[in-house]
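Here is the structure we will look at.
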Amino acid sequence: MLKKLYNLFGSISDLPRYVKQFAAVICDFSLTIISFWLSFYLRLDEFIKLKENTLTSALALAVLAVLVFWISGFYKTIFRYSGKSALSSISLAIGIYGLLTIILITIYGISGVPRSIGIIHPLVLFFLVYVSRLFVRYFLDGNFFLKNNKSSQSRVIIYGAGAAGRQLISVLEDAREMKVLGFIDDNLQLQNKLINGMMVYSVKNLDYLIKSKDVSHVLLAIPSANRSKRIEILDKIKKYKVAVITLPSFSDIIKGKISTSDIKELDIEDLLGRDQVLPNQDLLNKNVKNKTIMVTGAGGSIGSELSRQIIKLDPKELILIDISEHSLYKIYSELEQIKLKIEKQLIITPIIASIQDEVRIENIIKTFRPNTLYHAAAHKHVPLVEENICEGLNNNIFGTLKIAKIAFSYEISDFVLISSDKAVRPTNVMGVSKRISELCLLAFAGENKHKTKVSLVRFGNVLGSSGSVIPKFKDQIKKGGPVTLTHPEVTRYFMTASEAAQLVIQAGALSQGGDLFILEMGKPIKIKDLIKKIISLSGLSIKDKDNPDGDISIEITGLRPGEKLYEELLLGQNPKSTIHPKIQKVEDPYMNWRELKPHLLSLEKLIEASDVKEILKILKKIVNEYEINNNIVDHVYKFKNNK
Numbered sequence: 000m001l002k003k004l005y006n007l008f009g010s011i012s013d014l015p016r017y018v019k020q021f022a023a024v025i026c027d028f029s030l031t032i033i034s035f036w037l038s039f040y041l042r043l044d045e046f047i048k049l050k051e052n053t054l055t056s057a058l059a060l061a062v063l064a065v066l067v068f069w070i071s072g073f074y075k076t077i078f079r080y081s082g083k084s085a086l087s088s089i090s091l092a093i094g095i096y097g098l099l100t101i102i103l104i105t106i107y108g109i110s111g112v113p114r115s116i117g118i119i120h121p122l123v124l125f126f127l128v129y130v131s132r133l134f135v136r137y138f139l140d141g142n143f144f145l146k147n148n149k150s151s152q153s154r155v156i157i158y159g160a161g162a163a164g165r166q167l168i169s170v171l172e173d174a175r176e177m178k179v180l181g182f183i184d185d186n187l188q189l190q191n192k193l194i195n196g197m198m199v200y201s202v203k204n205l206d207y208l209i210k211s212k213d214v215s216h217v218l219l220a221i222p223s224a225n226r227s228k229r230i231e232i233l234d235k236i237k238k239y240k241v242a243v244i245t246l247p248s249f250s251d252i253i254k255g256k257i258s259t260s261d262i263k264e265l266d267i268e269d270l271l272g273r274d275q276v277l278p279n280q281d282l283l284n285k286n287v288k289n290k291t292i293m294v295t296g297a298g299g300s301i302g303s304e305l306s307r308q309i310i311k312l313d314p315k316e317l318i319l320i321d322i323s324e325h326s327l328y329k330i331y332s333e334l335e336q337i338k339l340k341i342e343k344q345l346i347i348t349p350i351i352a353s354i355q356d357e358v359r360i361e362n363i364i365k366t367f368r369p370n371t372l373y374h375a376a377a378h379k380h381v382p383l384v385e386e387n388i389c390e391g392l393n394n395n396i397f398g399t400l401k402i403a404k405i406a407f408s409y410e411i412s413d414f415v416l417i418s419s420d421k422a423v424r425p426t427n428v429m430g431v432s433k434r435i436s437e438l439c440l441l442a443f444a445g446e447n448k449h450k451t452k453v454s455l456v457r458f459g460n461v462l463g464s465s466g467s468v469i470p471k472f473k474d475q476i477k478k479g480g481p482v483t484l485t486h487p488e489v490t491r492y493f494m495t496a497s498e499a500a501q502l503v504i505q506a507g508a509l510s511q512g513g514d515l516f517i518l519e520m521g522k523p524i525k526i527k528d529l530i531k532k533i534i535s536l537s538g539l540s541i542k543d544k545d546n547p548d549g550d551i552s553i554e555i556t557g558l559r560p561g562e563k564l565y566e567e568l569l570l571g572q573n574p575k576s577t578i579h580p581k582i583q584k585v586e587d588p589y590m591n592w593r594e595l596k597p598h599l600l601s602l603e604k605l606i607e608a609s610d611v612k613e614i615l616k617i618l619k620k621i622v623n624e625y626e627i628n629n630n631i632v633d634h635v636y637k638f639k640n641n642k
């Protein structure tokens, strides 16, 4: 029965805002008439029938009340969150209305209405309106049902008693799913004091609080803290079986008040202990501001983030190229919304195209004449490229070469290739294809006289990207495990998409032509340790031989074909520093164009013939460091050879 009522009231709360506002107007109109009638009872100590003149007065006052409430902004209040915060808005609206009734009834007088009604009526109306809002809060928002099912509420401690934490108290007391038990704060001056009725405890009390108060979640309300500070706090929390939730960064919430929608799962980057360096604005602007920019692979993880960063830098026009119409439409729609929000006037043009279609790409570049081209289009998923070798090479090598040649012929000012740390001593086809695309650009740029400045930017894994394992880990944890890991010793470099995109833009601006840059990625992360942290900070425990009753197990599946235990960014050379602390320049050896061209012609013919074994040999000739994987898993090759 309770569940049916809860669903009924829940469906009412999901109605459009204007419908709920109209319902509130009707409610207040009715309550004004009822309160006017009750005022007569309180004055005369008996119920009376409203006669024609008093009924007309009641209706007129009801219209007046609704107008005053509307003009005072009372109906802008979100009624389902109208707890203590609604008291002030109700007081203001009825205070104004009460002043008008005193003037109309008590001072001037209305025929048939006792003058004292001018004072009694607003007080009764205040009571009825406030009770109506409490009803909304406890029934339409589901709090009545939650009180009868307390297990559904998360028991939360807020870490941080600053401005963000204090705002959260007033928000969460009106929300349906969280019960706040107190604050934790490092500030000695705040400890053992009450803030909004909640005690502020020392970090030393964390163990006692979590165990005695049955805490299920710790909410980090320290948006201005840098990542190192957040890591320090997480290290204190991770040994307890509690989930950690957080607020976005200070810059994300500074423009408005905090709401429950701001609360989110812990960002994985919070586990990496890496603080982002503020970008050099001059470098960001140099190749973008007031220019026409083209991004290939614009719907992918890096391409889409590049586009988000570019749109904020005042380009004249942004051309989005992608072969996937779904991905292209998604980023185009998002950018149009961002454009409206930040009030930019630029033109955004989404174009469906394959970088392998030379005629189509030339037509696009000839038409739009971009000043800067960021080439992010590539097949990057290591196992899939290993299983589709010919397509991977066609796209990553020859697609890149085609678009570069067109860019050079139309004298695009800057061409920036997005490369990968997997290009260094590659053990898989994806990695060797990225290394050969680097060699092609360096050789072609060095051989030909042209006005285009070519730069290559090499970096590691991007957090949350479409090919990243971290979303997979989180999904496996949500499903109850196990979490699959290929090898217990595997390590990877990680960087946030926003930081990678900003550094790519800045690196391109540093280029003098034919430069290879690497991004400083910090320390490599052991993936098994990262999985343990994600499990722990989800409020769960690891299930292993030492803890057979744990929640989530880690299953070792073995390295996949072409997978490395660790990645590198350098072939061994000493990198040269640049004016940016996170961007370094390297000078890798490369073949000249005359030497490289015959190999590429041979490779192209072997791809047409799908001769995978010979293809791998040619790849080895071009990139001597490439370690051929004799266990060929390419689907077409396997099918042909299993006949």
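Under numbering that gives the first Met the number 0, the residue at position 401 of the sequence shown is numbered 400, and the numbers go up by one with no gaps. Ideal placement from N, C-alpha and C gives every residue a C-beta, glycine not left out. Just so we're clear, the structure is a prediction, and the values are computed from it rather than from any experiment.
Task: Collapsed DSSP secondary structure at I253 in the structure displayed - done: Along the sequence shown, one-based indexing puts residue 253 at 254. Its pLDDT being 39, under 50, I253 is placed unreliably in this model, and the coordinates cannot settle the point.
Task: Proximity to A352 [Cα-Cα], best of A506, E304, H325 - done: As a position in the sequence shown, residue 352 is number 353, starting the count at 1. Of the listed residues, the one whose Cα sits closest to A352 is H325.
Open item on the list: Can you give me the C-alpha to C-alpha distance between T105 and D27, rounded to a whole angstrom?
Closed with: Reading the sequence shown from its first residue, position 106 is the one you call residue 105. Reading the sequence shown from its first residue, position 28 is the one you call residue 27. Their backbone Cα atoms lie some 22 Å apart in a straight line.
Open item on the list: With three or more C-beta pairs closer than 8 Å as the rule, is the stretch 359-374 touching the stretch 408-416?
Closed with: yes
Task: Own chain residues within Cβ distance below 8 Å of L345, not counting five before or after - done: As a first step, residue 345 must be located in the sequence shown, where it is residue number 346. Correct list, in chain order: I310, D313, P314, K315, E316, L317, K338.
TODO: Pull up the distance between the alpha-carbon of D514 and that of S432, whole angstroms please.
DONE: Position 515 of the sequence shown holds residue 514. Position 433 of the sequence shown holds residue 432. Computed Cα separation, rounded: 19 Å.
TODO: Would you mind listing the beta strand (DSSP E) stretches within the stretch 471-511 that are 3+ residues and don't spill past its ends, in chain order?
DONE: 482-484
TODO: Going by DSSP, name the residue or residues bridged to F516.
DONE: On the sequence shown, residue 516 is found 517 positions in, with the first residue counted as 1. Paired residues: V456, K584.
Task: Proximity winner among S535, A422, G561, D234, relative to K240 (alpha-carbon distances) - done: In the sequence shown, residue 240 corresponds to position 241, counting from 1. Checking every option, the nearest Cα to that of K240 belongs to S535.
Open item on the list: According to DSSP, simplified to helix, strand and coil, what is Y107?
Closed with: In the sequence shown, the residue the question calls residue 107 occupies position 108. The answer is helix: DSSP assigns Y107 an H, G or I state.
- [ ] Please report the residue range of the alpha helix (DSSP H) in which L219 lies.
- [x] As a working mapping, residue 219 is identified with position 220 in the sequence shown. Taken as a continuous stretch (DSSP letters only), L219 belongs to no alpha helix (DSSP H), being part of the beta strand (DSSP E) at 216-219.
Open item on the list: Would you call the stretch 610-623 in contact with the stretch 393-402, where contact means no fewer than 3 C-beta pairs closer than 8 Å?
Closed with: no
- [ ] Please classify R415: does DSSP put it in a helix, a strand, or coil?
- [x] Locating residue 415 in the sequence shown gives position 416, counting from the first residue. The sequence given here has Val at residue 415, not Arg. Note: V415 maps to strand in three-state DSSP.
Task: Continuous alpha helix (DSSP H) stretch holding P349: start and end - done: Counting from one through the sequence shown, the residue named residue 349 turns up at place 350. Here P349 belongs to no alpha helix (DSSP H); instead the beta strand (DSSP E) covers 346-351.
Task: Length of the line joining the Cα atoms of V358 and L595 - done: Here residue 358 is taken as the residue at index 359 of the sequence shown, counted from 1. Here residue 595 is taken as the residue at index 596 of the sequence shown, counted from 1. Their Cα atoms are separated by approximately 24 Å.
TODO: Would you decide whether I341 is buried or exposed? Buried here means 16 or more other CB atoms lie within 10 Å of its CB.
DONE: On the sequence shown, residue 341 is found 342 positions in, with the first residue counted as 1. With fewer than 16 Cβ atoms within 10 Å of its Cβ, I341 is classed as exposed.
Task: Between the CA atoms of G159 and N630 - distance to the nearest angstrom - done: Taking the first residue of the sequence shown as 1, we reach residue 630 at position 631. Taking the first residue of the sequence shown as 1, we reach residue 159 at position 160. Straight-line Cα distance between these residues: approximately 54 Å.
Open item on the list: By the DSSP assignment, the beta strand (DSSP E) with L317 in it spans what residues?
Closed with: Stepping through the sequence shown from its first residue, residue 317 is reached at position 318. Unbroken beta strand (DSSP E) run through L317: 316-321.
- [ ] Decide if Y207 is buried, meaning its Cβ has at least 16 other Cβ atoms within 10 Å, or exposed.
- [x] One-based indexing of the sequence shown puts residue 207 at position 208. Classification for Y207: exposed.
Open item on the list: Given the structure, does H598 come close to the ligand SAH, in the sense that its CB is under 8 Å from one of the ligand's heavy atoms?
Closed with: The ligand SAH is not among the ligands present in this structure, which contains no ligands whatsoever.
Task: When L618, P588, D587 are compared against L600, the one with the closest alpha-carbon - done: Residue numbering aside, residue 600 sits at position 601 when the sequence shown is read from its first letter. Cα-wise, what sits closest to L600 is L618.
Open item on the list: Using a Cβ-Cβ cutoff of less than 7 Å, which residues in the same chain neighbour V112 once the five nearest sequence positions on both sides are dropped?
Closed with: Taking the sequence shown and counting its residues from 1, one reaches residue 112 at position 113. So the qualifying residues of the chain are T53, S56, I104.
Task: Cutoff 7 Å; reference K146; Cβ partners in own chain excluding five residues on either side - done: For the purposes of this step, residue 146 is taken as the residue at position 147 of the sequence shown. At K146, the pLDDT of 47 sits below 50, so the modelled position is not reliable; the number obtained from the coordinates is stated separately. Hits under 7 Å: none found.
- [ ] Quick one: which unbroken alpha helix (DSSP H) runs of 4-plus residues sit fully inside the stretch 550-629? Chain order, please.
- [x] 592-607, 611-621
Open item on the list: The alpha helix (DSSP H) that contains K178, what's its start and end?
Closed with: For the purposes of this step, residue 178 is taken as residue 179 along the sequence shown, with counting starting at 1. Careful: K178 lies outside any alpha helix (DSSP H), inside the beta strand (DSSP E) at 177-183.
Task: In chain order, each beta strand (DSSP E) run of at least 3 residues that lies wholly inside the stretch 357-424 - done: 371-374, 413-417
Task: Within 9 Å, strictly: CB atoms of R491 and E624 - done: Numbered from its first residue, the sequence shown carries residue 491 at position 492. Numbered from its first residue, the sequence shown carries residue 624 at position 625. Contact: no.
Task: Continuous beta strand (DSSP E) assignments of at least 3 residues falling wholly in the stretch 271-302 - done: 291-295
- [ ] List the endpoints of the continuous alpha helix (DSSP H) containing A444.
- [x] Looking up residue 444 in the sequence shown gives position 445. Unbroken alpha helix (DSSP H) run through A444: 428-446.
Task: Cβ-based neighbour list, C389, same chain, cut-off 8 Å, excluding 5 preceding and 5 following - done: Locating residue 389 in the sequence shown gives position 390, counting from the first residue. Counting only Cβ-Cβ distances below 8 Å, and skipping sequence neighbours, we find I606, S609, V611, I614, D633, V635.
Task: Straight-line gap, L187 to V199 (C-alpha atoms, nearest Å) - done: Indexing the sequence shown from 1 puts residue 187 at position 188. Indexing the sequence shown from 1 puts residue 199 at position 200. If I take the Cα positions, the gap works out to 10 Å.
Open item on the list: Give me, in chain order, the residues of the same chain whose beta-carbon lies closer than 7 Å to that of R434; leave out the 5 immediate sequence neighbours on both sides.
Closed with: Locating residue 434 in the sequence shown gives position 435, counting from the first residue. Within the same chain, R434 has close Cβ partners A422, P425, V622.
- [ ] Return helix, strand or coil for I631, following the three-state DSSP convention.
- [x] For this step, residue 631 is matched to residue 632 along the sequence shown. The answer is coil: DSSP assigns I631 none of H, G, I, E or B.
TODO: Report back the beta-carbon spacing between L518 and L502 to the nearest angstrom; my notes put them in contact at under 8 Å.
DONE: Numbered from its first residue, the sequence shown carries residue 518 at position 519. Numbered from its first residue, the sequence shown carries residue 502 at position 503. Between L502 and L518 the Cβ distance is about 5 Å, and since that is below 8 Å, they are a contact.
TODO: Express the C-alpha separation of F367 and N387 in angstroms, rounding to a whole number.
DONE: One-based indexing of the sequence shown puts residue 387 at position 388. One-based indexing of the sequence shown puts residue 367 at position 368. Cα to Cα, the separation comes out at about 33 Å.
Open item on the list: Taking the alpha carbon of K525 as the reference point, which residue from E566, N546, P574 has its own alpha carbon closest?
Closed with: Within the sequence shown, the letter at position 526 stands for residue 525. Answer by Cα proximity: E566.
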